[in-house]
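Here the sequence shown is numbered in our numbering, starting from 10 and rising by one per residue. Take a look at the structure set out below.
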Amino acid sequence: MSRREADLAEFERLTADLDKELQYCETLDWSNVSLEATVESLKDQLHALERNQHPADDDALEWKTRYESQVALNADLDQQKQALSQQQASLRNNIKEGQQGDVYKIDMMFPEYEKYTETELIKLLKQLERQKQDLISQLKNVQYQTDKESKVGKDFHHYDELRRTYRADIGITNRDLEHLRSVRRLVEKDAPVSPITSPGTLRWNNKDGITSNQRILDPKRGPVNRTAGVRSLPRVEDRPAREGPPRQQGGSASQSDSPAAEKRSGKARNLPKMETTAASEKKAPPKEKPNGSKPNGSKPSL
Numbered sequence: 010m011s012r013r014e015a016d017l018a019e020f021e022r023l024t025a026d027l028d029k030e031l032q033y034c035e036t037l038d039w040s041n042v043s044l045e046a047t048v049e050s051l052k053d054q055l056h057a058l059e060r061n062q063h064p065a066d067d068d069a070l071e072w073k074t075r076y077e078s079q080v081a082l083n084a085d086l087d088q089q090k091q092a093l094s095q096q097q098a099s100l101r102n103n104i105k106e107g108q109q110g111d112v113y114k115i116d117m118m119f120p121e122y123e124k125y126t127e128t129e130l131i132k133l134l135k136q137l138e139r140q141k142q143d144l145i146s147q148l149k150n151v152q153y154q155t156d157k158e159s160k161v162g163k164d165f166h167h168y169d170e171l172r173r174t175y176r177a178d179i180g181i182t183n184r185d186l187e188h189l190r191s192v193r194r195l196v197e198k199d200a201p202v203s204p205i206t207s208p209g210t211l212r213w214n215n216k217d218g219i220t221s222n223q224r225i226l227d228p229k230r231g232p233v234n235r236t237a238g239v240r241s242l243p244r245v246e247d248r249p250a251r252e253g254p255p256r257q258q259g260g261s262a263s264q265s266d267s268p269a270a271e272k273r274s275g276k277a278r279n280l281p282k283m284e285t286t287a288a289s290e291k292k293a294p295p296k297e298k299p300n301g302s303k304p305n306g307s308k309p310s311l
């Protein structure tokens, strides 16, 4: 709805109110005329009673009392009317003085406000008060929204500062980690290589001549040892040669019983039982020669 349509609707409403007030005024005028006629008749009766000097009865006394009370009431109403007219004049002067220098004057809203009656001015005043309350409520809503937006802005700036602080801390931490990684790389480059282990995996770097038997799988047990590796046989002591089996009828020994065949087949009869080097060392130390050298073929365990 445009402003012009709103003004037209308001004008129609005010016109209807004015018609109702005019009807009320006509009704009051008719009542006033009837009351004046009644008062005149009562005055005539009173004068007639005063001239005749007849004793007044109860009905006459009642009407006399009513007349006197009505006269007093009319006098009070006249005084109130004069006071209200003076107040109306002072209000109009205040309105004229207050609208000087203002862009939005009351003449623009109500060009004929001076012609309004007292009832119309009261209605106009109530309407302006309602508009004033509406404007005050709108102003409070705007202030509330402004305060809310200012709080949201404060929270945004606060969290933005926190974000910047956290980003700065993360950057410092990343620089420290890079520095520690570079130091670790330098230390690993200069120091001897050691096994690199991680949970569930094992990686071995065979640098600087480190062999597989020096690997450390468990720090508590130390490097890996091979105790069962035998690469040479122990020395065979000198024993008298045993007589061979009887020859066959051909006059020649069987080829399988010759020492060379036995040596080739690995069935040496005079060889002692093989034992591991570690077991032989634990049982008894080997016999040394007079010059203190160890028997040939015995090597320490790896």
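We put the CB at the ideal spot given by N, CA and C, even for glycine. Just so it is clear, the structure is predicted and the values come from calculations on it, not from any experiment.
Which same chain residues end up closer than 6 Å to residue i when comparing Cβ atoms and leaving out the 5 residues on each side of it in sequence?
i           : result
residue 100 : none
residue 37  : none
In angstroms with no decimal places, state the Cα-to-Cα distance between residue i and residue j.
i           : j           : result
residue 53  : residue 23  : 45 Å
residue 196 : residue 189 : 10 Å
residue 16  : residue 26  : 15 Å
residue 47  : residue 91  : 25 Å
residue 30  : residue 160 : 53 Å
residue 166 : residue 138 : 42 Å
residue 140 : residue 147 : 11 Å
residue 154 : residue 168 : 21 Å
residue 360 : residue 28  : The chain is shown from 10 up to 311; residue 360 falls before or after that span and cannot be answered.
residue 186 : residue 158 : 42 Å
residue 130 : residue 45  : 29 Å
residue 152 : residue 182 : 45 Å
residue 82  : residue 41  : 14 Å
residue 97  : residue 59  : 44 Å
residue 171 : residue 192 : 32 Å
residue 94  : residue 79  : 22 Å
residue 162 : residue 156 : 10 Å
residue 102 : residue 35  : 30 Å
residue 49  : residue 70  : 17 Å
residue 164 : residue 21  : 52 Å
residue 325 : residue 127 : What the structure shows of the chain is the stretch from 10 to 311, and residue 325 is not part of that stretch, so it cannot be assessed.
residue 7   : residue 39  : In this structure the chain extends from 10 to 311, so residue 7 is not present and cannot be described.
residue 19  : residue 104 : 22 Å
residue 175 : residue 184 : 14 Å
residue 43  : residue 136 : 35 Å
residue 85  : residue 57  : 28 Å
residue 178 : residue 229 : 40 Å
residue 142 : residue 11  : 22 Å
residue 150 : residue 180 : 45 Å
residue 88  : residue 145 : 37 Å
residue 246 : residue 194 : 59 Å
Where does residue i fall in DSSP's three states?
i           : result
residue 159 : helix
residue 229 : coil
residue 245 : coil
residue 125 : coil
residue 191 : helix
residue 146 : helix
residue 94  : helix
residue 99  : helix
residue 14  : helix
residue 288 : With a pLDDT of only 44 at residue 288, under the threshold of 50, the placement of this residue in the model should not be trusted, and no figure is reported.
residue 260 : Bear in mind that a pLDDT of 46 at residue 260, under 50, signals an unreliable position, so the number given afterwards is only what the model happens to contain. Correct three-state label for residue 260: coil.
Beta-carbon within less than 8 Å of residue i's beta-carbon, same chain only, minus the 5 sequence neighbours each way: which residues are those?
i           : result
residue 13  : none
residue 198 : none
For residue i, is the beta carbon positioned less than 7 Å from some heavy atom of the ligand FMN?
i          : result
residue 48 : Within the structure as shown, the ligand FMN is missing, as the structure has no ligands at all.
Using a Cβ-Cβ cutoff of less than 7 Å, which residues in the same chain neighbour residue i once the five nearest sequence positions on both sides are dropped?
i           : result
residue 353 : For the chain, the structure presents residues 10 to 311; residue 353 sits outside this window and is missing.
residue 290 : Because residue 290 sits at a pLDDT of 45, beneath the cut-off of 50, its placement in the model cannot be relied upon, and the point is left open.
> Which whole runs of the beta strand (DSSP E) in the segment 41-88 are 3 residues long or more, in chain order?
Replying inline: none
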